[in-house]
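First up is the structure itself, then whatever we jot down about it.
This is the structure:
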């Protein structure tokens, strides 16, 4: 298993992984996904035997704030530490950066809690129509 920054040749495989796991509404077609990746400061994949089996991306100013936006692992590869490794790769070790995310399900909250994230009552959101 290799955790690394996304390479241009990983784009379509990463997009297909996201589509297969319920993110089609966010990634769209190849052009939209390429823009999404290009405008993300941190993007990583998990690759096993040449196959992209995990994806994570974040927006980060590399000074004080980061937002972990997507963490996806293919169903057959879950519960093997891949999601944890992706988050660690994206977040890094800079103690000056505070990381935020939005966990939609209680299982996600438990997963991210194991990685040091804690609930915050301060976050606000402006949803799209």
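Numbering (full-length UniProt numbering), first residue to last: 1 to 129. The beta carbon of each residue, even a glycine, is placed where N, CA and C say it ideally should be.
Counting every other CB atom within 10 Å of its CB across the protein chains shown gives residue 1 a total below 16, marking it as exposed.
Rounded to the nearest angstrom, the Cβ distance from residue 82 to residue 53 is 7 Å, consistent with a contact under 8 Å.
Within 10 angstroms of the beta-carbon of residue 62 lie fewer than 16 other beta-carbons, which makes it exposed.
The beta carbon of residue 47 sits closer than 6 Å to the beta carbons of 2 from its chain, once the five residues preceding and following it are set aside; these are given in chain order. The beta carbons of residue 40 and residue 26 sit no closer together than 8 Å.
The beta carbon of residue 91 is closer than 6 Å to those of 99 in its chain, skipping five residues each way along the sequence. Just so you know, the alpha carbons of residue 68 and residue 30 end up roughly 22 Å apart.
With a 10 Å radius around the Cβ and a threshold of 16 neighbouring Cβ atoms, residue 10 comes out buried. Closest in alpha carbon position to residue 38, among 122, 88, 66 and 7, is 7. Counting only runs of at least 4 residues, the UniProt domain "N-acetyltransferase" (1-129) fully encloses the following alpha helix (DSSP H) elements, listed from N- to C-terminal order: 11-20, 24-27, 30-38, 82-91 and 106-114.
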